[in-house]
Amino acid sequence: MAVCVFSSLVTVLCVGLYGKYTYADPVVTPASLLVEYGGPAEVNCSIPSKPETGYMLGWESKTSQPDTDTETSVMWKVDSLTNWEEADGLLCYFTVGSTQCESNVTVTIYKRPDRVTLSSVSDVWVEGDQTELRCEIENVGPGRKLSVRWSRADPKQSSNFTQFNEMTFPDLVNEMKNMNKTVKLQVTPRREDDGVQYQCAAVLNLDEDLLVFPSQPLNVTVH
Ligand SMILES: *[C@@H]1O[C@H](CO)[C@@H](O)[C@H](O)[C@H]1NC(C)=O
Ligand SMILES: *[C@@H]1O[C@H](CO)[C@@H](O)[C@H](O)[C@H]1NC(C)=O
Ligand SMILES: *[C@@H]1O[C@H](CO)[C@@H](O)[C@H](O)[C@H]1NC(C)=O
Ligand SMILES: *[C@@H]1O[C@H](CO)[C@@H](O)[C@H](O)[C@H]1NC(C)=O
Ligand SMILES: *[C@@H]1O[C@H](CO)[C@@H](O)[C@H](O)[C@H]1NC(C)=O
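Counting in full-length UniProt numbering, the sequence shown runs from 1 upward without gaps.
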């Protein structure tokens with residue numbers, strides 16, 4: 001007889017009655033993980049003690065599925081995590097008889113962009129004529145966590161960059177992987193924009209962290 005109770009949104013509490021023993025979920029440490037694409041990752045899964053009957057403690061994963069039927073802990077370990085799909089479905093299971101207990105691990109994988117390049121479509125900016133800035137972001141991921149910030153600085157006043165726009169991309173909500181993104185911004189220069197600097201930045205809005213990757217500044221001359 002086995003009863004698995006959903007105790008919270010994050011973990012499953014599994015209480016299996018097998019003979020006179022009660023089993024709980026295996027413990028995963030850490031329970032959530034932030035990994036840079038291509039970087040190493042490891043999670044330990046353990047049970048407090050060995051059951052008296054046969055059991056299996058192991059990992060369900062896209063990259064590596066270690067298991068044990070003799071130890072009380074088993075490590076999931078990758079030297080270089082390059083499978084974006086690992087972000088859903090990493091879990092440790094503990095099976096005794098017909099009872100299976102599971103603990104999920106929340107994995108967030110991100111990839112810093114190879115390049116963030118800001119350019120202007122026209123070489124010459126003329127007062128009152130609309131032109132376009134183009135921010136090219138190469139090989140960043142996951143797309144669904146991306147936003148782009150625009151900022152400008154006026155060296156005549158202070159050299160600080162001030163953000164004036166942030167673009168989010170609802171159309172990328174299903175992009176779980178790395179991607180290229182080119183973002184355009186229309187600007188109409190005014191006389192007093194002469195000498196200002198623009199900058200764009202790729203932002204990864206990870207749950208635990210906000211990572212910002214700015215471009216080189218672009219100097220503007222208005223004719
Ligand atoms: C995994 O966790 C268990 C229980 O805390 C501990 O005994 C074991 O040494 C850990 N294994 C590793 C490789 O850290
Ligand atoms: C744990 O992961 C499995 C497999 O992806 C999923 O079916 C299940 O809903 C997850 N449970 C929780 C509590 O997140
Ligand atoms: C510019 O930024 C510096 C450091 O962040 C800050 O100390 C300074 O007050 C800022 N200057 C202006 C004019 O905002
Ligand atoms: C992004 O663009 C580069 C070349 O500019 C290309 O090699 C790469 O495959 C592209 N990446 C994706 C995910 O489309
Ligand atoms: C852009 O302007 C800044 C501040 O006025 C200046 O220090 C820098 O040398 C300029 N860069 C280029 C490429 O002209």
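Beta carbons: idealized from backbone N, C-alpha and C, even for Gly.
Residue 224: first and last residue of the uninterrupted beta strand (DSSP E) it sits in = Since the first residue shown for the chain is 1 and the last is 223, residue 224 is missing from the structure and cannot be characterised.
Report yes if the C-beta of Glu-86 is less than 7 Å from at least one heavy atom of ligand 4; otherwise report no.
-> no
Is the region 126 to 140 touching the region 60 to 70 in the sense that three or more CB pairs, one from each, lie closer than 8 Å?
-> no
If you count every other CB in all the chains shown that lies within 10 Å of the CB of Val-196, and 16 or more means buried, which is it?
-> buried
What three-state label does DSSP hand Ala-201 in the structure shown?
-> strand
With 16 as the cutoff for other CB atoms within 10 Å, does Thr-188 come out buried or exposed?
-> Of the residues assessed, Thr-188 falls on the exposed side of the cut-off, its CB having fewer than 16 other CB atoms within 10 angstroms.
Outcome for Asn-165 when other beta-carbon atoms lying within 10 angstroms are tallied against a minimum of 16 = exposed
Does DSSP put Leu-90 in a helix, in a strand, or in coil?
-> coil
Just tell me which of Gln-216, Ser-119, Asn-44 has its CA closest to the CA of Leu-185.
-> Ser-119
For Leu-206, name the three-state secondary structure that DSSP assigns.
-> coil
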